[in-house]
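Enquirer:
Numbering (our numbering), first residue to last: 8 to 132.
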C-alpha cells in the first residue's frame, strides 16, 4: 500500500536540508515513535538522506538500508518542506518536517496532497 512507502519516506524522510537549512537540526539518529524503525539522517550530495539503520523484525515492506532522499528547504526555525524520493518504491512525496528539541514530526503526502501520514520521532544520538 502507498502509505507503507510513505512510512519509509516519513522516517527517513524525515530528514532534510537543502541549501538554506541547517543540517545540525536534523542530522543524526532518530527512532520512530511506533518503535519499528531507526534511521540515520545525513547529507548525501546536495540532498539529505534518511537511511533505515534498524527495522523491527516482522515489519513488512521495510528493511535496513532503505533510504529516502529529501530535497527540502527551511521555511522557518525548526520547519522544513519540500519533496522526498523513495528509490525502493520509485515514489515521490511532498514532505514537511518540524523539529522541536529532541523531537521531530514528519508528514508525507501522496495523491496530490489528498493522502497524508504523520510520524513522530525521537533523537537517539
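Glycine included, every Cβ here is placed at the ideal spot set by N, Cα and C.
Does any CB atom of chain D fall closer than 8 Å to the CB of residue 122?
Expert: The structure shown contains no chain D; it holds only a single protein chain.
Enquirer: Any idea if residue 131 is buried or exposed, counting beta-carbon neighbours within 10 angstroms, 16 or more meaning buried?
Expert: Flag for residue 131 reads exposed.
Enquirer: With DSSP collapsed to three states, give me the class of residue 78.
Expert: Residue state, collapsed to three classes: strand.
Enquirer: Applying the criterion that 16 or more other CB atoms from any shown protein chain within 10 Å of the CB defines a buried residue, is residue 75 buried or exposed?
Expert: Buried, since its Cβ has 16 or more Cβ neighbours within 10 Å.
Enquirer: Quick one: what does DSSP say residue 126 is sitting in, helix, strand or coil?
Expert: Strand at residue 126.
Enquirer: Going by alpha carbons, who is nearest to residue 53 out of 40, 108, 79 and 65?
Expert: Checking every option, the nearest Cα to that of residue 53 belongs to 79.
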